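Numbering (full-length UniProt numbering), first residue to last: 1 to 508. Notes follow the structure.
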């Protein structure tokens, strides 16, 4: 049994791959489809509901009382693949129920049995297999952790094989678990490339290909060695160019920082005399205040000097509300007069410090603007040089591309001579042909031929809501679109409310 899980970001992209034939809009390879923890059995509605949950993640957290923190750039799409060898499936008597049961147990092994899932079985290959699209966002809006998921799935696959066959089918997996139980770290498994896997499969069915396969592997090894050497030769100048660019940016920023520090030092030296004069005058005021407080007449003089007449009297000359109370407190309380003196001197210090920092900031802003222009010019120069270097290296790599195409053609010709069935790999041929056509047009400067008009696809048949969930009156398609529309409307309302709040704060 083969089992693997990967994570992605697009529910639509994965659903289009699983629910259709490779590179086509037909669905001939889809054997059956089932859903889990979803209020619909329509797969085209199911993935839209999963995407809607991803859009409503913050709202789900708020309803569940969960903080809005956590990873914002996580991958919410899980892609689980379960496959069986042909002989393994025949010995087990694999059917739809067993495939669905295995997919459910695999989800339970990684703690995703309560998450939304879409199970899609394919019948386009010799070995039966199924894909499981998992929504890794739970009911509380939190993204599922991926701690040791591959190890848990490996354990599940081993137990599944023993339960159905009495012994492990994949011996390497069994040996790895024996090493883990002994406290050792198993050797990592390196996957075989698709080309070598295909060649080995053909040799198993046609032993006469064995000499060609051995020679072909040697050619591939030599080719990979030359390609790696060329990549190393190309990598060194790229790294050197990047290092020079980073060093240039670092020097620009260092020079700007030094200029800003130097300017601040000059401004502070220029204001040193102002600060000395202010401290001297405030010390004299404090001594005079203390001397005046020794007599009643001096106390009244201190109070009279500390009264803020602009704040006490309005534009019409009448005292403001609470002004008489403040004047009375100044006349009768030494503590109030001393506090007023301290506040007055603190205000003078704040004013002088703000004036000094304004001069520092004005010069710093000009230096930062100049720094931004220099960095922008440096990045433009780096981009141009990197593009030119990439173009030169691409021309040099054309030789290896031609050699690789020759190896591919040689391998395909050998497989065709023995009648090896490559129907299950037709998608790879189509992709290769498409890339070759694009590359040929790019080299010859030809234009893309006009695209033929295709007939319109018939509208998807809507499933009645009563067949999905009796308490839902809308159809599944309307429900998916409504969830997305409600989310967009809430986002717009929230944005408008925040703008109103900021405007209200500025008015206050």
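Note that the Cβ used here is the ideal one computed from N, Cα and C, for glycine as well. It should be emphasised that the depicted structure is a prediction, and the values quoted were computed from it without experimental measurement.
Please confirm whether any heavy atom of the ligand ZN lies closer than 7 Å to the CB of residue i.
i: residue 320; result: Absence of the ligand ZN is noted for the structure shown, with no ligands found whatsoever.
If we ignore side chains and look at the alpha-carbon of each, how far apart do residue i and residue j end up?
i: residue 340; j: residue 327; result: 11 Å
i: residue 9; j: residue 68; result: 20 Å
i: residue 353; j: residue 265; result: 14 Å
i: residue 100; j: residue 230; result: 48 Å
i: residue 293; j: residue 281; result: 18 Å
i: residue 42; j: residue 33; result: 9 Å
i: residue 302; j: residue 289; result: 7 Å
i: residue 118; j: residue 46; result: 7 Å
i: residue 278; j: residue 356; result: 14 Å
i: residue 185; j: residue 417; result: 44 Å
i: residue 368; j: residue 379; result: 16 Å
i: residue 156; j: residue 191; result: 20 Å
i: residue 309; j: residue 66; result: 54 Å
i: residue 208; j: residue 414; result: 11 Å
i: residue 295; j: residue 305; result: 15 Å
i: residue 55; j: residue 198; result: 41 Å
i: residue 173; j: residue 158; result: 7 Å
i: residue 228; j: residue 136; result: 38 Å
i: residue 270; j: residue 350; result: 17 Å
i: residue 82; j: residue 498; result: 48 Å
i: residue 12; j: residue 189; result: 31 Å
i: residue 335; j: residue 318; result: 27 Å
i: residue 233; j: residue 396; result: 11 Å
i: residue 329; j: residue 494; result: 49 Å
i: residue 291; j: residue 342; result: 16 Å
i: residue 285; j: residue 276; result: 14 Å
i: residue 44; j: residue 21; result: 15 Å
i: residue 496; j: residue 502; result: 10 Å
i: residue 17; j: residue 257; result: 53 Å
i: residue 323; j: residue 267; result: 40 Å
For residue i, which residues from the same chain have a beta carbon less than 6 Å from its beta carbon, with the 5 sequence-adjacent residues on both sides left out?
i: residue 110; result: 149, 152
i: residue 382; result: 245
i: residue 299; result: 293
i: residue 430; result: Its pLDDT being 45, under 50, residue 430 is placed unreliably in this model, and the coordinates cannot settle the point.
i: residue 179; result: 186
i: residue 194; result: none
i: residue 393; result: 234
i: residue 364; result: 260
i: residue 517; result: Absent from the model: residue 517. The displayed extent of the chain is 1 to 508, so no value can be given.
Since residue i contacts residue j with CB under 8 Å, what's their CB separation in whole angstroms?
i: residue 60; j: residue 139; result: 7 Å
i: residue 25; j: residue 241; result: About 45 Å; that fails the 8 Å criterion.
i: residue 38; j: residue 30; result: In fact, because the Cβ distance is near 17 Å, the residues do not count as touching under 8 Å.
i: residue 57; j: residue 183; result: Contact doesn't hold; Cβ gap of about 40 Å is too wide.
i: residue 171; j: residue 127; result: In fact, because the Cβ distance is near 18 Å, the residues do not count as touching under 8 Å.
i: residue 130; j: residue 103; result: 6 Å
i: residue 27; j: residue 14; result: About 15 Å separates the two Cβ atoms, so there is no contact after all.
i: residue 331; j: residue 320; result: That pair is no contact at about 17 Å.
i: residue 53; j: residue 216; result: Wrong, their Cβ atoms sit about 48 Å apart, outside the cutoff.
i: residue 344; j: residue 263; result: Actually they are not in contact, since the Cβ atoms of residue 344 and residue 263 sit about 31 Å apart, beyond 8 Å.
i: residue 160; j: residue 1; result: 6 Å
Near residue i, what residues of its chain come up, given a Cβ to Cβ distance below 8 Å and the 5 sequence neighbours on each side ignored?
i: residue 165; result: 88, 91, 92
i: residue 107; result: 36, 80, 113, 115, 117, 132, 134
i: residue 490; result: 59
i: residue 259; result: 367
i: residue 200; result: 192, 213
i: residue 154; result: 3, 173, 176, 177
Near residue i, which residues of its chain fall below 7 Å by C-beta distance, leaving aside the five closest residues on each side in sequence?
i: residue 238; result: 389
i: residue 274; result: 352
i: residue 6; result: 79
i: residue 253; result: 371
i: residue 94; result: 84, 128
i: residue 243; result: none
i: residue 75; result: 7, 8, 9
Is there at least one Cβ from chain C nearer than 8 Å to residue i's Cβ?
i: residue 358; result: In the structure shown, chain C does not exist; there is a single protein chain.
Subject >> Those runs of the beta strand (DSSP E) which lie wholly inside the stretch 22 to 79 and span at least 3 residues >> reply: Counting only unbroken stretches of 3 or more residues, the beta strand (DSSP E) elements lying wholly within the stretch 22 to 79 are 30 to 36, in sequence order.
Original post:
Using 8 Å as the Cβ pair cut-off and three pairs as the minimum, do the stretch 369 to 380 and the stretch 243 to 259 touch?
Top reply: Short answer: they touch.
Original post:
Fully enclosed by the stretch 97 to 165, which beta strand (DSSP E) runs are 3 residues long or longer?
Top reply: If we require 3 residues or more, the beta strand (DSSP E) runs fully inside the stretch 97 to 165 come out as 117 to 122, 129 to 135.
Original post:
Does the stretch 219 to 229 come close enough to the stretch 400 to 407 to have 3 or more Cβ pairs within less than 8 Å?
Top reply: Using a Cβ-Cβ distance cut-off of 8 Å, the stretch 219 to 229 and the stretch 400 to 407 are in contact, since at least three pairs of beta carbons, one from each stretch, lie closer than that value.
Original post:
Counting Cβ pairs closer than 8 Å, one from the stretch 205 to 217 and one from the stretch 356 to 367, do we hit at least three?
Top reply: The answer is no - the stretch 356 to 367 does not touch the stretch 205 to 217, with fewer than three Cβ pairs under 8 Å.
Original post:
Can you give, in chain order, each stretch of the alpha helix (DSSP H) that sits fully within the stretch 250 to 297 and has at least 4 residues?
Top reply: DSSP runs (the alpha helix (DSSP H)) wholly in the stretch 250 to 297: 272 to 292.
Original post:
In the stretch 164 to 209, which residue ranges form an unbroken alpha helix (DSSP H) of at least 4 residues, counting only runs that do not cross its ends?
Top reply: Those alpha helix (DSSP H) runs which fall completely within the stretch 164 to 209 and span 4+ residues are 171 to 181, 194 to 205.
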